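Trainee: Numbering (full-length UniProt numbering), first residue to last: 1 to 534. Think of the CB as a built atom: it goes at the ideal place given N, C-alpha and C, for glycine as much as any other residue. It should be emphasised that the depicted structure is a prediction, and the values quoted were computed from it without experimental measurement. Provided herewith is a single structure, encoded as structure tokens, for subsequent inquiry.
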Amino acid sequence: MGGGGGEQQQLEVLHALDVAKTQWYHFTAIVVAGMGFFTDAYDLFCISLVTKLLGRIYYRVDGSPSPGTLPPHVSASVNGVAFVGTLSGQLFFGWLGDKLGRKRVYGITLMLMVLCSLASALSFGHTPTSVMATLCFFRFWLGFGIGGDYPLSATIMSEYANKKTRGAFIAAVFAMQGFGIITGGLVAILVSASFRAAFPAPPYGEDPVASTPPQADFVWRIILMLGALPAALTYYWRTKMPETARYTALVANNAKQAAADMSKVLQVVEMRNIGNNGGSRRPFGLFSGEFVRRHGLHLVGTSATWLLLDIAFYSQNLFQKDIFSAVGWIPKAATMSALEELFRIARAQTLIALCGTVPGYWFTVALIDVVGRFKIQAVGFFMMTLFMLALALPYHHWTAPGKNHVGFLLLYGLTFFFANFGPNSTTFIVPAEIFPARLRATCHGISAASGKLGAIVGSFGFLYLAQSPDRSKTEHGYPPGIGVRNSLFLLAACNLLGLLFTFLVPESKGKSLEEMSGDAEAQEEAPPPLQTVL
Numbered sequence: 001m002g003g004g005g006g007e008q009q010q011l012e013v014l015h016a017l018d019v020a021k022t023q024w025y026h027f028t029a030i031v032v033a034g035m036g037f038f039t040d041a042y043d044l045f046c047i048s049l050v051t052k053l054l055g056r057i058y059y060r061v062d063g064s065p066s067p068g069t070l071p072p073h074v075s076a077s078v079n080g081v082a083f084v085g086t087l088s089g090q091l092f093f094g095w096l097g098d099k100l101g102r103k104r105v106y107g108i109t110l111m112l113m114v115l116c117s118l119a120s121a122l123s124f125g126h127t128p129t130s131v132m133a134t135l136c137f138f139r140f141w142l143g144f145g146i147g148g149d150y151p152l153s154a155t156i157m158s159e160y161a162n163k164k165t166r167g168a169f170i171a172a173v174f175a176m177q178g179f180g181i182i183t184g185g186l187v188a189i190l191v192s193a194s195f196r197a198a199f200p201a202p203p204y205g206e207d208p209v210a211s212t213p214p215q216a217d218f219v220w221r222i223i224l225m226l227g228a229l230p231a232a233l234t235y236y237w238r239t240k241m242p243e244t245a246r247y248t249a250l251v252a253n254n255a256k257q258a259a260a261d262m263s264k265v266l267q268v269v270e271m272r273n274i275g276n277n278g279g280s281r282r283p284f285g286l287f288s289g290e291f292v293r294r295h296g297l298h299l300v301g302t303s304a305t306w307l308l309l310d311i312a313f314y315s316q317n318l319f320q321k322d323i324f325s326a327v328g329w330i331p332k333a334a335t336m337s338a339l340e341e342l343f344r345i346a347r348a349q350t351l352i353a354l355c356g357t358v359p360g361y362w363f364t365v366a367l368i369d370v371v372g373r374f375k376i377q378a379v380g381f382f383m384m385t386l387f388m389l390a391l392a393l394p395y396h397h398w399t400a401p402g403k404n405h406v407g408f409l410l411l412y413g414l415t416f417f418f419a420n421f422g423p424n425s426t427t428f429i430v431p432a433e434i435f436p437a438r439l440r441a442t443c444h445g446i447s448a449a450s451g452k453l454g455a456i457v458g459s460f461g462f463l464y465l466a467q468s469p470d471r472s473k474t475e476h477g478y479p480p481g482i483g484v485r486n487s488l489f490l491l492a493a494c495n496l497l498g499l500l501f502t503f504l505v506p507e508s509k510g511k512s513l514e515e516m517s518g519d520a521e522a523q524e525e526a527p528p529p530l531q532t533v534l
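Next up, the structure:
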């Protein structure tokens, strides 16, 4: 009867977790785990606001009719280096979280985020190039820490949760991004408004030099630095979280320790006579035939859907310029001072986030355990395809001077509502549920890294692709592309492909993690009644 007893003890610990009532600790875990995503969203949102200001401060050209802007390669580096760091961190910390345990690695990622947020705000140098190089260096390592948070937070939350509300809990961790975006916007608005009032400056057209007061250099640094604060505040609680019972029981093979750890933080169903495991099923590795047979297509599905979604999701800034100038929210750069421009862009982007981006996250939290992952993801991809086509087909109608801007804004907002109440949330949730415990963080990291690859393509590939085919109309420093309209058709195709790859991903609603991953399949000699527990 070798491993039967060990298997039974494991499953009893895990069953107790699956049926545990929702408790205060679950909500604490959401906030503690969600702080990484808060920082991630805050940072990504703020850097897009700050790049305009950096261009005015460091790249002003004397005698130019328009304010300084970051050269394309510098802009791509400042924005893109964090993505490259995130991608690397997702792969590295995902692997490490399975090797050493979730808890041991979890504090490191947060500390890296806090230190690098502060350091990137303290990027100094004698020349614009040295300031940008220092900023890029720290933004890479900031991204590396943020990347580690993706597989670890998702895995920890899925392994703590009960099976009834697991989807909502993981979605709530991810939805902290919404708070990060709004906080980033509000901080940028408040800081720029305060400095604008304290140090009034004329528009660039009137006085190019005086339009950017010397104090503007403090503004972007303060905005970036404040992003570290919420993460720093949760560091203590993160180090106090016990290792997840599923890791301790299934990977470290210590069911007794798992039960003891969980009883400290959760009131779980009382368990009988649990000792250490006598044995457990023979583990299989990521590159084994067994893994490919059981989960190969699942990994292809989670990675491909995340990749395709992020191509569409991160290309959104392509048409923000069109929207803002068409609606009249942001006038021509030369008619504003540096801080006026920052204030207006922050206000416009925060409004769009508030209406289009944030509600979608919370719709997912409310409905994911009712409707299920598959339906939310499939409908999301389908609606995004429709709205992208509706933007693309009559594109000239939407952007012509006149009265069509409300429709354009509405379609734009709906596209991102269905991204967040759809694949942007589900691609994060599902990889934390369907893979075996010993490979869960690694597989989540691989899926997330595929997504970041999509983000790089969406942000930078489409920045070049969306340039006008007419060389005289391209942005300064960019070669001609295929235009925004054709780019939208391409993005609609990406969403449609995402819908097709969704069919490779199994539905995990209401099922235990062990059922989904195959960890529950007991050895032949294990007693049959336990199969019915799950």
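Helix, strand or coil: how does DSSP classify Y236 here?
Mentor: Residue state, collapsed to three classes: helix.
Trainee: Taking one C-beta from the stretch 504-515 and one from the stretch 372-382 each time, how about it: are there three or more such pairs within less than 8 Å?
Mentor: Yes, the stretch 504-515 touches the stretch 372-382.
Trainee: Does the beta-carbon distance from V365 to G422 come in below 8 Å?
Mentor: No, the pair does not count as a contact, with Cβ atoms beyond the cut-off.
Trainee: Thinking C-alpha only, which one of R221, P480, L386, S211 is nearest N495?
Mentor: When each option's Cα is compared against that of N495, the closest is L386.
Trainee: Fully enclosed by the stretch 24-69, which alpha helix (DSSP H) runs are 4 residues long or longer?
Mentor: Listed in chain order, they are 24-58.
Trainee: Where does P208 sit, in a helix, a strand or coil, going by DSSP?
Mentor: The answer is coil: DSSP assigns P208 none of H, G, I, E or B.
Trainee: By the DSSP assignment, the alpha helix (DSSP H) with E290 in it spans what residues?
Mentor: E290 -> alpha helix (DSSP H) spans 289-313.
Trainee: Around the Cβ of V209, are there at least 16 other Cβ atoms within 10 angstroms (buried) or fewer (exposed)?
Mentor: Exposed.
Trainee: Would you tell me roughly how many angstroms separate the C-alpha atoms of F144 and L339, rounded to the nearest one?
Mentor: Using only the alpha carbons, I get a separation of about 31 Å.
Trainee: Is N420 helix, strand or coil by DSSP?
Mentor: Looking at N420 - three-state DSSP - the assignment turns out to be helix.
Trainee: Buried or exposed for L233, going by 16 or more other Cβ atoms inside 10 Å?
Mentor: So L233 ends up on the exposed side.
Trainee: Tell me the rounded alpha-carbon separation between G483 and L309.
Mentor: Cα-Cα distance, rounded: 21 Å.
Trainee: Among S153, S130, G80, whose alpha-carbon lies nearest the alpha-carbon of T109?
Mentor: Per the Cα distances, S153.
Trainee: Quick one: give me the first and last residue of the alpha helix (DSSP H) that N254 is part of.
Mentor: Counting along the chain, N254 falls outside any alpha helix (DSSP H), and DSSP gives it neither H nor E.
Trainee: Give me the Cα-Cα distance between D261 and A255, rounded to the nearest whole angstrom.
Mentor: The alpha-carbon atoms of D261 and A255 are separated by roughly 10 Å.
Trainee: To the nearest angstrom, how far is the alpha carbon of A258 from that of P151?
Mentor: Their backbone Cα atoms lie some 21 Å apart in a straight line.
Trainee: What is the DSSP secondary structure of G505, counted as helix, strand or coil?
Mentor: Inspection of the sequence shows that residue 505 is occupied by Val rather than by Gly. V505: coil per DSSP, three-state reduction.
Trainee: Are the CB atoms of P359 and F417 nearer to each other than 8 Å?
Mentor: Yes, Cβ-Cβ distance for P359 and F417 is below 8 Å.
Trainee: Using three-state DSSP, classify N404 as helix, strand or coil.
Mentor: Coil, per DSSP.
Trainee: Check whether the Cβ atoms of G97 and I368 sit closer than 8 Å, and answer yes or no.
Mentor: No, the pair does not count as a contact, with Cβ atoms beyond the cut-off.
Trainee: Looking at the secondary structure, which residues open and close the alpha helix (DSSP H) in which A201 lies?
Mentor: Looking at the DSSP string, A201 is not in any alpha helix (DSSP H), and its letter there is neither H nor E.
Trainee: In angstroms with no decimal places, state the Cα-to-Cα distance between I170 and F313.
Mentor: Rounded to whole angstroms, I170 to F313 spans 20 Å at the Cα level.
Trainee: Does DSSP classify I330 as helix, strand or coil?
Mentor: Note: I330 maps to coil in three-state DSSP.
Trainee: If I follow the unbroken alpha helix (DSSP H) through F138, where does it start and stop?
Mentor: Start and end: 128-160.
Trainee: For I181, which of helix, strand or coil comes out of DSSP?
Mentor: In this structure, I181 counts as helix in the three-state DSSP scheme.
Trainee: Among residues of its own chain, excluding the 5 on either side of F381, which ones have a beta-carbon nearer than 6 Å to its beta-carbon?
Mentor: For F381, where only same-chain residues beyond five positions count, the Cβ hits under 6 Å are P423, N495, G498, L499.
Trainee: How many angstroms separate the CA atom of M113 from the CA atom of F137?
Mentor: Near 13 Å, if we compare the C-alpha coordinates of F137 and M113.
Trainee: Judging by CA-CA distance, which residue of R438, E514, L490 is the nearest neighbour of K99?
Mentor: Answer by Cα proximity: R438.
Trainee: Over what stretch of residues does the alpha helix (DSSP H) that includes S120 continue unbroken?
Mentor: Residues 102-121.
Trainee: Cutting at 7 Å between CB atoms, please list the residues of its own chain near E341, excluding the five before and the five after it.
Mentor: Cβ neighbours of E341 beyond the five flanking positions: K52, A333.
Trainee: Looking only at its chain, what residues have a beta carbon closer than 8 Å to the beta carbon of C46, apart from the 5 residues adjacent to it on each side?
Mentor: Closer than 8 Å at the Cβ level, and outside the excluded window around C46, lie G184, V187, A188, I223, L224, G227.
Trainee: Going by CA-CA distance only, name the one from G454, R221, A161 that's closest to T244.
Mentor: When each option's Cα is compared against that of T244, the closest is A161.
Trainee: How should D62 be labelled, buried or exposed, when 16 other C-beta atoms within 10 angstroms of its C-beta is the threshold for buried?
Mentor: Exposed, because fewer than 16 other Cβ atoms sit within 10 Å of the Cβ of D62.
Trainee: Within its chain, find whatever has a CB closer than 8 Å to the CB of L297; leave out the 5 residues flanking it on each side and keep chain order.
Mentor: Answer for L297: L504, listed in chain order.
Trainee: Rounded to whole angstroms, what is the Cα-Cα separation between I182 and I352?
Mentor: Taking the straight line from one Cα to the other gives about 10 Å.
Trainee: Determine the DSSP secondary structure at E475, reduced to helix, strand or coil.
Mentor: Coil.
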